[in-house]
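Novice:
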Amino acid sequence: MNEVMLETKKINIECKGYLDIELDPEMDLFAQTERLKKEKNAIVLAHYYQEPDIQDVADYIGDSLGLAQKAEATRADMIVFAGVHFMAETAKILNPSKKVVIPDLLAGCSLSDSCPPPMFEQFKKQHPDHLVISYINCSAGIKALSDIICTSSNAQKIVESLSADQKIIFAPDKNLGAYINKVTGRNMVLWNGACMVHEIFSVEKMTKLKIRHPQAKVIAHPECEEPVLRLADFIGSTTQLLKYTVTDGSSEYIVATETGILHQMMKSSPHKTFIPAPPNNSCACNDCPHMKRNTLEKIYLCMEYEVPEITMDEELRIAAKKPIDKMLELSAKFGL
Ligand code: SF4
């Protein structure tokens, strides 16, 4: 790469968080991405909320738990993380010697942003005898202040594994925390954070949709608010929702989570109908604007130029790894 190209690349990343290089519109991005994977011994890990094209080039598609497990086990030299920043950060925490790149450095998360580490540190001081369980959707700084990390797949089991008199702070998602309190009978202290995508489903529109589709089952992610969860026939993590639609006998579902998961649901059960639950705005479906910053073009570019790269202070990484290791150890014990 010549100097001008390097400088352009640097400026593009600094200004936009991703490489802004014009690609030949006739380029076969699927074939070129496969070529780069082989040449660079790279693996593409994609979250279920990524656009269908990205899911189709991914080596592994999963929710936060599956992606963390895969990131820990991979032998690839480079991890291309098609998700949001805290997910790529988790992959780096688990793989300090590997190069972790993200298609768009600005792919953030409203839930993670709702819990700034300095404020959370003060909150912790107000509850000194509490153990901290944090949902994986948080920054490395919050992970470093936590005792155990959890995902929506294992949160209930992790909480239930602790003695009944153990006082717990749950962060950052108040809706997931309230749901876990409900199903476990605990009274965890909740940090007041939420996901912008799961908070805006409209109970009124979903009720009307249910009247028009009386046979449809409502399935919902526990990051949704309580009134939405009350409408649900099944509540589970993204992976659990996907598995449910495969094994359940119904043929129609109203899906209350980010719409990206519908791609895998339709691929797994092509004979079934999946209706995205409507949000409380003028849109018919509910996309995460952060997840959707990633595109197939950006995947190709970040693999080709190996930027933007996730880097981290080693002290922070070690502190953030401890509660993730604890989660992975407990998940293995529970057979998750
Ligand atoms: S769907 Fe919600 S929790 Fe997931 S990345 Fe988007 S804002 Fe964050």
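Counted from 1, the sequence shown has number 172 at position 173 by numbering that gives the first Met the number 0; the numbering is strictly sequential. Each residue gets a CB set at the ideal place from its N, CA and C atoms; glycine is no exception.
1) Which one of S138, G184, N186 and S201 has the shortest CA to CA distance from T171?
2) Would you kindly work out how many angstroms separate the C-alpha atoms of L161 and I12, rounded to a whole number?
3) Report the partner residues of P275 according to the DSSP bridge assignment.
4) In this structure, how does DSSP classify A163 when only helix, strand and coil are distinguished?
5) So L335 and L64 are in contact, right, with Cβ under 8 Å, and what is the actual spacing, rounded?
6) From the DSSP output, which residues share a beta bridge with G61?
7) Please list, in chain order, all residues of the same chain as T237 whose beta carbon is under 7 Å from its beta carbon, the five residues on each side excluded.
8) Taking 7 Å as the line, does the beta carbon of H289 fall inside it for any heavy atom of ligand 1?
9) What span of residues does the beta strand (DSSP E) with S133 cover, start to end?
10) So who's on the other strand from V100, going by DSSP bridges?
11) Can you give me the Cβ contacts of H126 inside the same chain, cut-off strictly under 8 Å, excluding the 5 residues immediately before and after it?
12) Using 8 Å for Cβ pairs, my map puts K271 next to Y252. What's the rounded Cβ distance?
13) Assuming the contact rule is C-beta atoms closer than 8 Å, Y299 and Q31 should be a hit. Round their C-beta distance to whole Å, please.
14) For the region 297–312 against the region 208–226, do three or more pairs of beta-carbon atoms, one drawn from each stretch, fall closer than 8 Å, so that the two count as touching?
Specialist: Let me spell this out:
1) The identity of residue 171 in the sequence shown is Pro, whereas the question assumes Thr. Nearest C-alpha to P171: S138.
2) 44 Å
3) V254
4) coil
5) 7 Å
6) H46
7) Y47, D62, H220, T256 and I260
8) yes
9) L130 to Y134
10) V79 and E308
11) K166, I168 and V188
12) 7 Å
13) 6 Å
14) no
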